[in-house]
Amino acid sequence: MLRRFSTSKDLRIGIEIIVGITLSFIINFIMISIGYAITNSEKLKEYSVNYFGLVIYKIKNYGNKETVK
1 MLRRFSTSKD
11 LRIGIEIIVG
21 ITLSFIINFI
31 MISIGYAITN
41 SEKLKEYSVN
51 YFGLVIYKIK
61 NYGNKETVK
């Protein structure tokens with residue numbers, strides 16, 4: 001009985017890790033896409049994508065091309 005509980009607990013932890021990584025990837029993708037949209041629509045030269053007060057991505061616009069640094 002104890003081994004069965006441990007196995008389901010390990011499975012649950014593994015699923016939570018996979019779902020957490022997937023959700024963080026999706027959230028970052030959406031935030032960076034919104035950052036590019038803001039940079040293009042407002043013709044900004046520089047924009048920092050912030051998430052919970054942390055800079056996760058910096059977008060710099062050089063002329064007509066967008067370059068990330």
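Sequential numbering of the sequence shown, starting at 1, is according to UniProt numbering. C-beta atoms are modelled at their ideal positions from N, C-alpha and C, and glycine is treated no differently.
| Asked | Found |
| --- | --- |
| CB-CB length for residue 49 against residue 32, believed under 8 Å | 6 Å |
| For residue 23, the three-state DSSP class (helix, strand or coil) | helix |
| Residue 59, buried or exposed, once every other Cβ within 10 Å from all chains shown has been counted against 16 | buried |
| Buried versus exposed call for residue 20 [16 or more other C-beta atoms within 10 Å across all chains shown] | exposed |
| Extent of the continuous beta strand (DSSP E) run through residue 54 | 54-62 |
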